[in-house]
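To keep things clear, I will list the structure first and then write my remarks on it.
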Amino acid sequence: MGEPIIIVGAGQAGLAAAEALRAEGWRDEIVIYGAEKHAPYNRPPLSKGYLLGETPAAQLTIRGAEFFAKKRIELCAAHTVSAIEPDAHSIVLDDGSRRQCAGLVLATGSRPRELGIEGARLSGVASLRTLEDSAEIGARIDRADNVVVIGGGFIGLEVAAAARKRGRSVIVLEAMDRLLARVASPAVSEYVARLHAGHGVHAITNAKVSRLVGENGSVRAVETADGRSFPADLVVVGVGAVANDELARSAGLACDRGVIVDACSRTSDPAIFAAGDCTARRHGDGALSRLESVQNAVEQGKSAAAALMGKDRPFHAAPWFWSDQYDAKLQMAGTSAQADKAALRGSMAQNHFSLFYFRGGKLIGVDTVNRPGDHMLARKLLDASLSPTIEQVSNPDFDLKNLLAVGAPA
Ligand SMILES: Cc1cc2nc3c(=O)[nH]c(=O)nc-3n(C[C@H](O)[C@H](O)[C@H](O)COP(=O)(O)OP(=O)(O)OC[C@H]3O[C@@H](n4cnc5c(N)ncnc54)[C@H](O)[C@@H]3O)c2cc1C
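Just so you know, we're using UniProt numbering here: the sequence shown kicks off at 1 and counts up by one.
Next comes the structure, spelled out in structure tokens:
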């Protein structure tokens, strides 16, 4: 037997890479080191069903012990890798031991961005990344009178919805001028703001938090730069994530807000690959982008495995994402960022609509609420570079599926 392929990080991306390596025909050992004590689990329910007490912890596990035994993948949970040594083809564990490897995948994920203001470390101030974080926030929601969520992004809004569903008074403080400002179109931001207002959440935009005020070590209020104070006994901070790229940085790999990879998950070191939240992807035009999604983690993991086997498997599919808030399932495909026109199908007032975004007449993204069929169709259209016309989208009698059959050009 030769040296193993070592995967650092037992999350979505690390697991996908291991699974794909076996599928690609790697016969020798595969070892995954994961700092958490759990087998790889799904994070999306941590701010949705699990936080609401509707999804049990056991259902979060992506693959159980049987799978690892069957695929001969050694899962070393609760093992942290403290360094990688590219020249020696080895990794160092936090107990000081070393292990040689035939190839290396970095899949170390990301961590919540810290607030970095006075009071950020008070008891009752939490952020959400792990199963334990979610369990802790859930328990605190039950004891809280006033929940303040800092950050009107997906995780913050999902936590706000969960806390509201559990009967708490909830305020969301967003520094920018609209909710979901970095990821959604103004129309979707407005819809989401109305959705939360309708459920009694007070979402305040342009609210720059300046400090958290405590009493006996526990948070009591959140203050904003304009002098307002909001009572709080639970503060959930959802202000984005930071890539865990320190191992790569220390080893001299190119990093810029993440480990820089190409479409095939290759890093600047030909023997090292990276996948998932820890990466920043360099595109053909030189631009860098970071995606934090299950799709990205899985696809980059598969591409890393293929690359280790000497194959190019570029990941070019349209990005997609979802979010559950109250009874609204929001699904996004492609992007709305550069859109010059949008067309609506369905009814926003009835929580059942799709917004199709165009640039220069070409479909670039689709956001849907409670229309999963449109979401799946949008992904197919985007991946095939097919565009409906605005008239076709706006005509409820036109069946957009026809476009797939005829292959209308974009
Ligand atoms: C609350 C929440 C809700 C989300 N909701 C959605 C959603 O609705 N839809 C969606 O598409 N995405 C969602 N995401 C994002 C999605 O879960 C992530 O993009 C995905 O989990 C990334 O997978 P990953 O394998 O890159 O990282 P992770 O899942 O974070 O796994 C990385 C693992 O590496 C471990 N690790 C780090 N450093 C080391 C080391 N030195 N040694 C050993 N192990 C190490 C970490 O402990 C971690 O377990 C959500 C994320 C969160 C936190």
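Glycine is no exception: its CB is placed at the ideal position from the N, C-alpha and C atoms.
Only a predicted model underlies this, so the values are computations on that prediction, with no experimental measurement involved.
Looking at the secondary structure, which residues open and close the alpha helix (DSSP H) in which residue 464 lies?
The displayed coordinates of the chain run from 1 to 410. Any statement about residue 464 would go beyond what the structure contains.
Could you check whether the Cβ of Leu247 sits closer than 7 Å to any heavy atom belonging to ligand 1?
Yes, the beta carbon of Leu247 sits closer than 7 Å to at least one heavy atom of ligand 1.
Just to confirm, does Asn244 get its C-beta within under 7 Å of one of the non-hydrogen atoms of ligand 1?
Result yes, Cβ under 7 Å from ligand 1.
Would you be able to state if there are at least three C-beta pairs under 8 Å between the region 35-42 and the region 313-327?
No, the region 313-327 is not in contact with the region 35-42.
Is it buried or exposed, Lys341, if we count other Cβ atoms within 10 angstroms and call 16 or more buried?
The residue is exposed, with fewer than 16 neighbouring Cβ atoms inside 10 Å.
May I ask you to report which of helix, strand or coil DSSP gives Ala410?
Low per-residue confidence applies at Ala410: pLDDT is 48, beneath 50, and the placement is therefore not dependable enough to give any value.
Assess contact between the region 351-359 and the region 208-222, defined as three or more Cβ pairs (one per stretch) separated by less than 8 Å. Is contact present?
As far as the Cβ criterion goes, the region 351-359 does not touch the region 208-222, which means the pair count is below three.
Any heavy atom of ligand 1 closer than 7 Å to the beta-carbon of Glu19?
No - ligand 1 has no heavy atom lying nearer than 7 Å to the Cβ of Glu19.
Between the region 248-258 and the region 170-183, do at least 3 Cβ pairs fall closer than 8 Å?
Taking 8 Å as the limit for Cβ pairs, the verdict is that the region 170-183 does not touch the region 248-258.
Among His375, Ile390, Ala263, Pro372, which residue has its Cα nearest to the Cα of Lys362?
Checked all of His375, Ile390, Ala263, Pro372; the closest Cα to Lys362 is Ile390.
Under the criterion of a Cβ to heavy atom distance below 7 Å, does Trp26 qualify as lining ligand 1?
No, since every heavy atom of ligand 1 falls outside the 7 Å radius drawn around the Cβ of Trp26.
Relative to ligand 2, is the shortest distance from any of its heavy atoms to the C-beta of Thr80 smaller than 7 Å?
As presented, the structure is devoid of ligand 2, carrying ligand 1 as its sole ligands.
Any chance the region 227-236 sits against the region 112-124, with 3 or more Cβ pairs inside 8 Å?
A contact exists between the region 227-236 and the region 112-124.
Can you list the alpha helix (DSSP H) stretches of 4 or more residues lying completely in the region 230-310, in chain order?
Within the region 230-310, the complete alpha helix (DSSP H) runs of at least 4 residues are 246-250, 294-308.
Go to Ile141, then tell me how far its alpha helix (DSSP H) extends in each direction, as first and last residue.
First-last of the alpha helix (DSSP H) with Ile141: 131-143.
Kindly confirm or deny that the region 188-208 and the region 324-331 touch, where touching means at least three C-beta pairs closer than 8 Å.
These segments touch.
Where Ala187 and Arg111 are concerned, what is the direct C-alpha to C-alpha distance, given to the nearest angstrom?
Going by the C-alpha atoms only, they are around 29 Å apart.
Among Arg220, Val261, Tyr50, Ile7, which residue has its Cα nearest to the Cα of Glu132?
When each option's Cα is compared against that of Glu132, the closest is Tyr50.
Given that a residue counts as buried once 16 or more other Cβ atoms are within 10 Å of its Cβ, and exposed if not, what is Ser82?
Ser82 comes out exposed.
Does the region 264-274 touch the region 129-148, meaning 3 or more C-beta pairs lie closer than 8 Å?
Short answer: they don't touch.
If you follow the beta strand (DSSP E) that Leu75 is part of, which residue opens it and which one closes it?
From DSSP, the beta strand (DSSP E) with Leu75 extends over 73-77.
Look at the alpha carbon of Ala297 and the alpha carbon of Ala13, and state the distance between them as a whole number of angstroms.
Answer to the nearest angstrom: the Cα atoms are 4 Å apart.
Is the beta carbon of Tyr326 within less than 7 Å of some heavy atom of ligand 1?
The answer is no for Tyr326.
On the DSSP letters alone, give me the boundaries of the alpha helix (DSSP H) that Val149 sits inside.
No alpha helix (DSSP H) contains Val149, which is instead part of the beta strand (DSSP E) from 146-150.
Of all the options Lys401, Gly365, Ala144, Tyr41, which has the alpha carbon lying nearest to the alpha carbon of Ser123?
The shortest C-alpha separation from Ser123 is found at Ala144.
What residue ranges within the region 180-216 form continuous alpha helix (DSSP H) runs of no fewer than 4 residues, ordered along the chain?
List check, alpha helix (DSSP H) in window: 186-198.
Given a cut-off of 8 Å on the beta-carbon distance, is the pair Asp367 and Leu330 in contact?
Against a cut-off of 8 Å, the Cβ pair of Leu330 and Asp367 comes out as a contact.
Output the boundary residues of the beta strand (DSSP E) element that contains Glu114.
It is not in any beta strand (DSSP E) - Glu114 carries neither H nor E in the DSSP assignment.
Given that a residue counts as buried once 16 or more other Cβ atoms are within 10 Å of its Cβ, and exposed if not, what is Asn146?
With 16 or more Cβ atoms within 10 Å of its Cβ, Asn146 is classed as buried.
Relative to the C-alpha of Gly240, which residue among Ser293, Ile260, Ser385 is closest?
Closest option to Gly240, Cα to Cα, is Ser293.
Spatial neighbours of Tyr191 within its chain, please: C-beta separation below 6 Å, excluding the five flanking residues on both sides.
Met348.
Exposed or buried, what is Pro314 when buried is set at 16 or more other beta-carbons lying within 10 Å of its beta-carbon?
Exposed, by the Cβ-count rule.
What number of angstroms, rounded off, separates the C-alpha of Arg266 from the C-alpha of Leu381?
Looking at the two C-alpha atoms, the distance is approximately 28 Å.
What span of residues does the beta strand (DSSP E) with Gly346 cover, start to end?
341-347 is the extent of the beta strand (DSSP E) around Gly346.
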